[in-house]
Structure formats: structure tokens, C-alpha cells
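K.L.:
Protein chains: 2
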Amino acid sequence: MGQEGVGVDLETSLGYLLKEASSALRAAMEEVLRPLGMSVTHYSCLELLAQRPGLSNSELARGAFVTRQTMNVLLQALERDGYVTRPAEAPVGKALPTRLTPRGRQSLEKASAAVRSVEARMLAGLTGTEQSDAFRILQRMIHSLHGDNEGA
Amino acid sequence: MGQEGVGVDLETSLGYLLKEASSALRAAMEEVLRPLGMSVTHYSCLELLAQRPGLSNSELARGAFVTRQTMNVLLQALERDGYVTRPAEAPVGKALPTRLTPRGRQSLEKASAAVRSVEARMLAGLTGTEQSDAFRILQRMIHSLHGDNEGA
DNA sequence: TGACCCATGTCAGCATTCTGACATAGCTTG
DNA sequence: CAAGCTATGTCAGAATGCTGACATGGGTCA
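Top to bottom, those sequences are chains E and Y. Quick note on the working numbering: the first sequence kicks off at -10 and runs consecutively. Quick note on the working numbering: the second sequence kicks off at -10 and runs consecutively.
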């Protein structure tokens, strides 16, 4: 189409490239999760629960980078379908600790393998040093964006 | 809350970190664009048009990482509000080349400055070498995710 | 030329996520 | 102890984005 070599500056923006990479990763994850009937947020929630059992709704929301209202909708569906359980009453405060059911754990296994293969494909062609560099640089970007770089 | 140092493996995943960085960038952009009454997709569309005048709806969609249906809805609103113009009939094929109006260009100026300040904050604390490394590594990740690494 | 394929623009319906708002639990502080 | 602050869970409504579907323009190829 109309994409002759017009002067394009977006191609030099790290922000744009970051968005592109994240979009590509999300698309690749959706592609392998769709056959399993699972969305990315769906999977993120289960994975978080597998690694940190007993997380509350709000904690899961922060870990999956969505609002607690969005996570609440998802948790209600997951609970209804028998993937997770929450106590009827909060043991302390209002936070309801959530846990995977055996069914949830089983469902996660296949999804987790699929996602790991996507991440492996993404990292193929990167040396160990490059992966360490990427990790350190991304962490520093996040730190700066959160405004933790005051008074300096 | 319940976040004592439980063993967490998500903290070692580059995919998770990439999602976190992208989420932080998006949140920071939304924060500075909100006072201007502009969303991230809204801004992305205008910025693309400023750098590549005459892009079609489908091309804009690919550049902003949304579907062409989503971009079409946005373009109709932008056209209605006088930020962009599209010819009534396609000069060739079905693609309608879109262009910024003076009003659109003026609206973009403030937004572009705000977004540049966010990107500058994100990159603060990174050396020139680190920025080049990040650029190269992200490009390679995107390339691998798109499956361009066959036969090897 | 005609059949086929691909890309585009667009309409309609659905899914997902967000913002706003409210009540409650627990901690902090005077 | 009482007031205030923060965090949480939850409901309701709105915005945003996506999937599915259809018609059309243009190129390819037998």
C-alpha cells in the first residue's frame, strides 16, 4: 500500500517499540491460549494464584495490571466455573483469600506450558547477557515511570 | 497486606516485566493526556497522521495496534469533531487517505509535548548505550514473536 | 476475459475493562 | 475512646475494543 520510505520518526521511539513488543507478546499469548478457552487476564490470574496462594482480589488486580473491579468480575466467573474458591467470610478485614481448586490447577498446567513456549520463542536469539540487560533496563524504566526518581 | 517474601517466580519473567513496563508507560501517558481530553489511541492516531500524512484507516489501525474496526470508530469521531479529513470517495481502490486539519495539528502539539516528557522521564537514568541495547533487544523480541525465525 | 484471492471500509453485536460510588473493616492519632 | 484515613469488596453504568459478517475494489492467473 502506501508505505514507501516516508520519513518516519516513530521507528526511533523506545516508547513506541515497547508498545509494539507488548502488543506482539499479548497477541502471541492470546493465540496459544484461545484453543484452551482462556484469555490472557484469565491465565494471569491463575498463574498468580499458583505462585502466591491466598492472594486477595485487590492484590490479584495489581498483579495482573487491571482494576480491582475488573478482577472481581473475572474472579466471580472463575469461582462459578469451579477454578478457584473464596471463603464466604473474610478471616480478617475484608480481604477474601483466593485459592486454586484442583480443576483450576489442572487447567493452568496446559496454559502455563503454552505461555512458556511463547516466552521461549520471544527470547530465542537473545544471549544470556542480553536477557540480563533487558531485565535491568526494563526494571529501571518502570522505576522511573513510577516517579521514584525524586530529588536527584 | 499479605505480601511477605513468598517465593515468586513471576519476578524473573521477562514477559511479565515487559507487560509491567508497558502498563506503566500507558498509565503515565493516560495521566498526562487526560487533562487534554485525549486518550492514548486518540493521540497515537494523530501522531501517526502527522508523521505519515495520507494513511488509510487500516494502516492507522496497524500502526496503533488496534483492529481496523476500532480505528474506524475513532476516525469517524475525529472527523466529526474536525481533527481530520477524509475524501468522500477513494482516489484509488477503497482506501481513504486521511489528513490532519489545522485544528488536529494544533491539538496534537500539546499532546505530543506531554508524551515526549513522559518518554524522557522513562529514559532518565539510562545511558545512551543502554537505550541502544534496549532498542535492539526489543526489535529482536518482536521479530521472534512474529515467527520470522524459521528454518534454523 | 473470468474466476479467484486479498485488502479495505463499514455495520452490528458482544466482550472486556474502566470510572464512579457506596458500605465496611482495621489501623492510626488525638 | 472517637474521629479520620486507607484499603477492600461490590454494584451499576459507560466507554472502549474485538469478533463476525458483508460488499466492493484491484491484482493475479489460468
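Backbone N, C-alpha and C fix where the C-beta goes; we use that ideal spot for every residue, glycine too. Just so you know, these numbers come straight off a predicted model, no measurement behind them.
Determine, for Y:Q128, whether the minimum Cβ-Cβ distance to residues of chain E falls below 9 Å.
P.N.:
Yes, its Cβ sits closer than 9 Å to a Cβ of chain E.
K.L.:
Between Y:N46 and Y:T116, what straight-line distance do the alpha-carbon atoms span, to the nearest angstrom?
P.N.:
Distance between the alpha carbons of Y:N46 and Y:T116: 37 Å.
K.L.:
Starting from the beta carbon of E:A13, find every residue of chain Y whose beta carbon is closer than 8 Å, and list them in chain order.
P.N.:
Chain Y residues near E:A13: M130, I131, L134, H135.
K.L.:
For E:S11 and E:H135, I'd like the C-alpha separation in whole angstroms.
P.N.:
Rounded to the nearest angstrom, the two C-alpha atoms are 18 Å apart.
K.L.:
Quick test of your reading: Y:C34 and Y:L85, contact by CB under 8 Å. State the CB separation rounded to the nearest angstrom.
P.N.:
At roughly 14 Å, the Cβ-Cβ gap does not stay under 8 Å, so Y:C34 and Y:L85 are not in contact.
K.L.:
Is the Cβ of Y:C34 closer than 9 Å to any Cβ of chain E?
P.N.:
By this cut-off, Y:C34 is not an interface position.
K.L.:
Along the stretch 103 to 127 of chain Y, what residues have a CB closer than 7 Å to any CB found in chain E?
P.N.:
If the cut-off is 7 Å between Cβ atoms, the stretch 103 to 127 of chain Y has E108, R110, M111, L112, A113, G114, L115, E119, Q120, D122, A123, F124, I126, L127 near chain E.
K.L.:
For a contact meaning CB atoms closer than 9 Å, what does E:L6 contact in chain Y?
P.N.:
What E:L6 touches in chain Y: A123, F124, L127, Q128, I131.
K.L.:
By Cβ distance, which residues of its chain are closer than 8 Å to E:A39, with the 5 residues on each side in sequence left out?
P.N.:
Excluding sequence neighbours, E:A39 sits near L89, R94, L97, S101.
K.L.:
Report buried or exposed for E:V81, applying the criterion of at least 16 other Cβ atoms within 10 angstroms of its Cβ.
P.N.:
It is exposed - the Cβ of E:V81 has fewer than 16 other Cβ atoms within 10 Å.
K.L.:
With 16 other CB atoms within 10 Å as the buried threshold, where does Y:Y5 fall?
P.N.:
So Y:Y5 counts as buried.
K.L.:
I'd like the list of long-range same chain contacts for E:L22, defined as Cβ closer than 8 Å, with 5 residues on each side in sequence excluded.
P.N.:
Counting only Cβ-Cβ distances below 8 Å, and skipping sequence neighbours, we find S28, V29, H31, Y32, A100, A103, V104.
K.L.:
List the whole-angstrom C-beta distance separating Y:L3 from E:Q120, where the pair is believed to meet the contact cut-off of C-beta under 8 Å.
P.N.:
Yes, Y:L3 and E:Q120 are in contact; Cβ-Cβ is about 6 Å, under 8 Å.
K.L.:
Using a Cβ-Cβ distance under 9 Å, would E:L67 count as near chain Y?
P.N.:
Chain Y, which has no Cβ nearer than 9 Å to the Cβ of E:L67, makes this no.
K.L.:
Spatial neighbours of Y:M18 within its chain, please: CB distance less than 7 Å, with the 5 preceding and 5 following residues excluded, ordered by chain position.
P.N.:
Cβ within range, chain order: V29, V104, V107.
K.L.:
With which residues is E:T74 paired in a DSSP beta bridge?
P.N.:
Beta-bridge pairing links E:T74 to E:R88.
K.L.:
In the DSSP assignment, find the unbroken alpha helix (DSSP H) run with Y:R125 in it and report its ends.
P.N.:
117 to 134 is the span of the alpha helix (DSSP H), which, as asked, contains Y:R125.
K.L.:
Which bits of chain E does Y:D70 rub up against, with CB to CB less than 8 Å?
P.N.:
Residues of chain E passing the Cβ test: none, with the nearest at roughly 23 Å.
K.L.:
For Y:A13, tell me which candidate among Y:E48, Y:T1, Y:M111, Y:V62 has the shortest Cα-Cα distance.
P.N.:
Taking only the C-alpha atoms, the option nearest Y:A13 is Y:M111.
K.L.:
Interface residues of chain Y around E:Q58 at Cβ under 8 Å?
P.N.:
Going along chain Y, no residue has its Cβ under 8 Å from E:Q58, so there is no contact; the nearest lies around 16 Å.
K.L.:
Taking only beta-carbon atoms, is Y:G52 less than 9 Å away from chain E?
P.N.:
Chain E, which has a Cβ nearer than 9 Å to the Cβ of Y:G52, makes this yes.
K.L.:
Counting contacts by CB-CB distance shorter than 9 Å, is E:A16 in contact with chain Y?
P.N.:
True, the Cβ-Cβ gap to chain Y drops below 9 Å.
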